[in-house]
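Residue numbers for the sequence shown follow our numbering, so the first one is 61 and each next one is one higher. Here the structure comes first, spelled out in structure tokens, and everything after it is commentary.
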Amino acid sequence: MLGELVALHDAGTIERMPQISFFRTLAAFTFTLVLLGCGGGGDSDADNALGPDEQGPPLVGTDLDRFRGVSLASAGGLPTAALEELVATGVEWIALIPFGRQPRFDVPEVQLRTTRGRWSQTDAGIRRIAEIAASAGVRILLKPHIDLVEEIDGQWRGTIAFNSEADWLRWEEDYRSFILHYAALAADSGIELLSVGAELHKVVRQRPGFWRQLVGDVRQRYGGSLTYGANWDREFEEVEFWDLLDFIGIHAYFPLTVKMDASIEELELGWQPHVLALEDLTETYGKPVLFTEVGYRSITGAGVDPWDWRVRRSADGGAEQADAYEAMFRTFWHRLWFAGLFVWEWDPAGNAVNTRFDTGYSPQNKRAAEIMSKWFTHPIG
61 MLGELVALHD AGTIERMPQI SFFRTLAAFT FTLVLLGCGG GGDSDADNAL GPDEQGPPLV
121 GTDLDRFRGV SLASAGGLPT AALEELVATG VEWIALIPFG RQPRFDVPEV QLRTTRGRWS
181 QTDAGIRRIA EIAASAGVRI LLKPHIDLVE EIDGQWRGTI AFNSEADWLR WEEDYRSFIL
241 HYAALAADSG IELLSVGAEL HKVVRQRPGF WRQLVGDVRQ RYGGSLTYGA NWDREFEEVE
301 FWDLLDFIGI HAYFPLTVKM DASIEELELG WQPHVLALED LTETYGKPVL FTEVGYRSIT
361 GAGVDPWDWR VRRSADGGAE QADAYEAMFR TFWHRLWFAG LFVWEWDPAG NAVNTRFDTG
421 YSPQNKRAAE IMSKWFTHPI G
């Protein structure tokens, strides 16, 4: 089966593949020692750094490998107990999401925010979480986003665009500095996977040359693996630079049904057209698909419009949320071209959530967490 997956990759990616089985075995052994209390002290920052001439180890690739991840949002640290809880559920990866700010969709200015936002979004928080996670064998995806200060008339990061070439060039200069900052931070912190952007649909469609140059610039400064988080709604099919990346990243909030109480089987059926589109994409580019975000709210009709965090529907105690996760895992976990996923989202302080009335995305303390853990610890194949 390893041979089948290698066949999916282009020559640049194939170079990473032969070490996979060895590395994953070594990582599992090392993590076991940590859990048993036999591990020594962590590596220094210099030892963990991933410079441009020092590529990180391969990430996934065998029939037993998947990204088993959650998107972490922490306002005040990552306590040992919270990390232990994550590890116990089968989590091996954490996504950290720093935010840059842009005044409006049509203002060509990207503001780097290294000390503001939630602690896990700051440079200091990212460095510290990477250090703590490494000590427990947990690995990091760094996925910078752009937020608009002023969202009007349905505008959001996916509609960022400009009317003049001068404005485009100014924005591209700002955005390049923004991403290269996080490329350097990822390299210095030993972070093994970096996203060069997320959900910038119009920029992707209108400025394909910019992205190819940007990926090249990042590669010169960062030796880890790269992805991009494309939105589920057409964008993932319009990205023209998948060939330059290691993983096809999807924010997989696909609609699965129009029913408020769809069964697991009906939700599985709703995945089928999306599966065909993703299969076509991975065959075209020879790269595995990674759900850089996926999640469902704890509401009735969780599979109707998973992307819509504003929709108001009643809490259901997490039953439909759990069914949506079950359908998703059943659909993808066995597929060789599927690299894994990052669940949206997980808060280390989330144990106080009243799950009976909560309508948010977090699976914590809900049936969905049990489904996630079951599949994250489930043998593949």
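For each residue, glycine too, the CB sits at the ideal point set by N, CA and C. These numbers come from a predicted model, not from an experiment.
Helix, strand or coil: which one does DSSP assign to residue i?
i: Leu396; result: coil
i: Gln381; result: helix
i: Phe177; result: The residue asked about is misnamed: residue 177 is Gly in this sequence, not Phe. Here Gly177 sits in coil by DSSP.
i: Ile359; result: strand
i: Ala375; result: strand
i: Val147; result: helix
i: Val278; result: helix
i: Trp367; result: coil
i: Val318; result: coil
i: Asp105; result: Its pLDDT being 46, under 50, Asp105 is placed unreliably by the model, and the measurement read from it follows with that caveat. Helix, per DSSP.
How should residue i be labelled, buried or exposed, when 16 other C-beta atoms within 10 angstroms of its C-beta is the threshold for buried?
i: His311; result: buried
i: Tyr421; result: buried
i: Glu211; result: exposed
i: Glu380; result: buried
i: Phe417; result: exposed
i: Thr92; result: At Thr92, the pLDDT of 34 sits below 50, so the modelled position is not reliable and the matter cannot be decided from this model.
i: Arg357; result: buried
i: Ala261; result: For the record, residue 261 in the displayed sequence is His; it is not Ala. Buried is the call here.
What are the residues that DSSP puts in a beta bridge with residue i?
i: Arg128; result: Leu401
i: Val349; result: Ile308 and Phe398
i: Gln171; result: Arg161
Between which two residues does the beta strand (DSSP E) harbouring residue i extend?
i: Phe159; result: Phe159 to Gln162
i: Gly214; result: Here Gly214 belongs to no beta strand (DSSP E), and DSSP marks it neither H nor E.
i: Trp19; result: Summary: the structure shown does not reach residue 19, with the chain confined to residues 61 through 441, and so no result is reported for it.
i: Val256; result: Leu253 to Ala258
i: Gly289; result: Ser285 to Asn291
i: Ile200; result: Arg199 to Leu202
Note the first and the last residue of the continuous alpha helix (DSSP H) segment covering residue i.
i: Gly309; result: Not the alpha helix (DSSP H): Gly309 falls in the beta strand (DSSP E), residues Ile308 to His311.
i: Asp207; result: Per DSSP, Asp207 belongs to no alpha helix (DSSP H); it is in the beta strand (DSSP E), His205 to Leu208.
i: Tyr242; result: Glu225 to Ser249
i: Glu297; result: Glu295 to Glu298
i: Met432; result: Arg427 to Phe436
i: Gly185; result: Asp183 to Ser195
Would the segment 262-270 count as touching the segment 216-226 if we require 3 or more Cβ pairs under 8 Å? Taking 8 Å as the limit for Cβ pairs, the verdict is that the segment 216-226 does touch the segment 262-270.
Taking one C-beta from the segment 321-329 and one from the segment 279-295 each time, how about it: are there three or more such pairs within less than 8 Å? Contact between the segment 321-329 and the segment 279-295 is absent, because fewer than three Cβ pairs lie under 8 Å.
Are the segment 351-363 and the segment 397-407 in contact at 8 Å, needing three or more beta carbon pairs? They touch, by the three-pair rule.
Inspect the CB distances between the segment 239-253 and the segment 274-282 and report whether three or more fall short of 8 Å. In short, these stretches touch, since the Cβ pair count reaches three.
Taking contact to mean 3 or more Cβ pairs, one atom from each stretch, closer than 8 Å, check whether the segment 155-175 and the segment 421-435 are in contact. Taking a contact to require three or more Cβ pairs closer than 8 Å, the segment 155-175 and the segment 421-435 do not qualify as touching.
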